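Just so you know, the sequence shown maps onto residues 4 to 176 in our numbering.
Here is the structure we will look at.
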Amino acid sequence: MLHNCDPYYRVIPYAITDSTKQDLLEIAHAPGAFVDISYKISFFKLPSKLQRFNNTGLDCVCQLLRVNEPDSVIHKDRNRHNEYEGTYMPRQTVISFPLTDNSGETCFYDEQKNIVAKVDYNGYGAILNTGEQFHNVNFSIHNNTRIVFQLCFENMYHEVIDIYNEKLVGTMI
Ligand SMILES: [Fe+2]
Numbered sequence: 004m005l006h007n008c009d010p011y012y013r014v015i016p017y018a019i020t021d022s023t024k025q026d027l028l029e030i031a032h033a034p035g036a037f038v039d040i041s042y043k044i045s046f047f048k049l050p051s052k053l054q055r056f057n058n059t060g061l062d063c064v065c066q067l068l069r070v071n072e073p074d075s076v077i078h079k080d081r082n083r084h085n086e087y088e089g090t091y092m093p094r095q096t097v098i099s100f101p102l103t104d105n106s107g108e109t110c111f112y113d114e115q116k117n118i119v120a121k122v123d124y125n126g127y128g129a130i131l132n133t134g135e136q137f138h139n140v141n142f143s144i145h146n147n148t149r150i151v152f153q154l155c156f157e158n159m160y161h162e163v164i165d166i167y168n169e170k171l172v173g174t175m176i
């Protein structure tokens, strides 16, 4: 199941403990925890509440994303400041771990928005090239809500792969 599809994604072993997963899901399930600006992929409104989960020692920012409707917009992510509290949110490259069991494929597209790769990393994690490559989430109305925890980096995709290999392999969050 571990496999690479550079420069779009790499599947990596799951690295969230049961205890952390329960804590994150409790935070995620609070009323009004998520907001959707336009992508049909909602983000956690107040990410400052999540930063204590970064035990990696790395320069990255924690975020939760939620999908619960089809037809998310094909997009590239941009580094930006959170609209509600100003937390800087790099989005060049992310390391993503599902917190929910359901399926939800991440699809990647070329510059003409033709699909070129897709990955369902349930039970695993994935390094995703969110800043350089068009992508969205393939979600059907029959799927249950999908929530992922992400470490968000300003570094380019190939740099995050090096960071992962040198400093994160074996680390549990
Ligand atoms: Fe994205």
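For each residue, glycine too, the CB sits at the ideal point set by N, CA and C.
Only a predicted model underlies this, so the values are computations on that prediction, with no experimental measurement involved.
Element boundaries [beta strand (DSSP E), containing residue i]
| i | result |
| --- | --- |
| residue 23 | Segment 21 to 31 is the alpha helix (DSSP H) holding residue 23; no beta strand (DSSP E) there. |
| residue 138 | 137 to 141 |
| residue 12 | 12 to 16 |
| residue 5 | It is not in any beta strand (DSSP E) - residue 5 carries neither H nor E in the DSSP assignment. |
| residue 170 | Premise fails: residue 170 is in no beta strand (DSSP E) and is neither H nor E. |
| residue 112 | 108 to 112 |
| residue 118 | 118 to 122 |
| residue 150 | 149 to 156 |
Residue i versus residue j: straight-line alpha-carbon distance, rounded
| i | j | result |
| --- | --- | --- |
| residue 12 | residue 33 | 31 Å |
| residue 148 | residue 72 | 8 Å |
| residue 30 | residue 158 | 27 Å |
| residue 122 | residue 82 | 23 Å |
| residue 43 | residue 116 | 18 Å |
| residue 156 | residue 63 | 5 Å |
| residue 26 | residue 102 | 10 Å |
| residue 119 | residue 9 | 11 Å |
| residue 48 | residue 38 | 6 Å |
| residue 104 | residue 88 | 30 Å |
| residue 110 | residue 154 | 19 Å |
| residue 22 | residue 46 | 22 Å |
| residue 20 | residue 136 | 30 Å |
| residue 150 | residue 173 | 23 Å |
| residue 108 | residue 144 | 13 Å |
| residue 79 | residue 112 | 10 Å |
| residue 84 | residue 40 | 13 Å |
| residue 28 | residue 4 | 25 Å |
| residue 171 | residue 52 | 22 Å |
| residue 168 | residue 54 | 22 Å |
| residue 57 | residue 74 | 31 Å |
Endpoints, alpha helix (DSSP H) assigned at residue i
| i | result |
| --- | --- |
| residue 127 | Counting along the chain, residue 127 falls outside any alpha helix (DSSP H), though it belongs to the beta strand (DSSP E) covering 127 to 131. |
| residue 98 | Counting along the chain, residue 98 falls outside any alpha helix (DSSP H), though it belongs to the beta strand (DSSP E) covering 96 to 101. |
| residue 163 | 160 to 166 |
| request: Let me have the residue list for ligand 1: C-beta closer than 6 Å to any non-hydrogen atom, ordered along the chain. | output: 78, 80, 133 and 138
| Stretch-stretch touch, CB-based, cutoff 8 Å, three pairs: the stretch 117 to 136 with the stretch 58 to 71 | no
| request: Return the chain-ordered ranges of every alpha helix (DSSP H) run that is complete within the stretch 25 to 82 and spans a minimum of 4 residues. | output: none
| task | Kindly confirm or deny that the stretch 155 to 169 and the stretch 90 to 102 touch, where touching means at least three C-beta pairs closer than 8 Å. | result | yes
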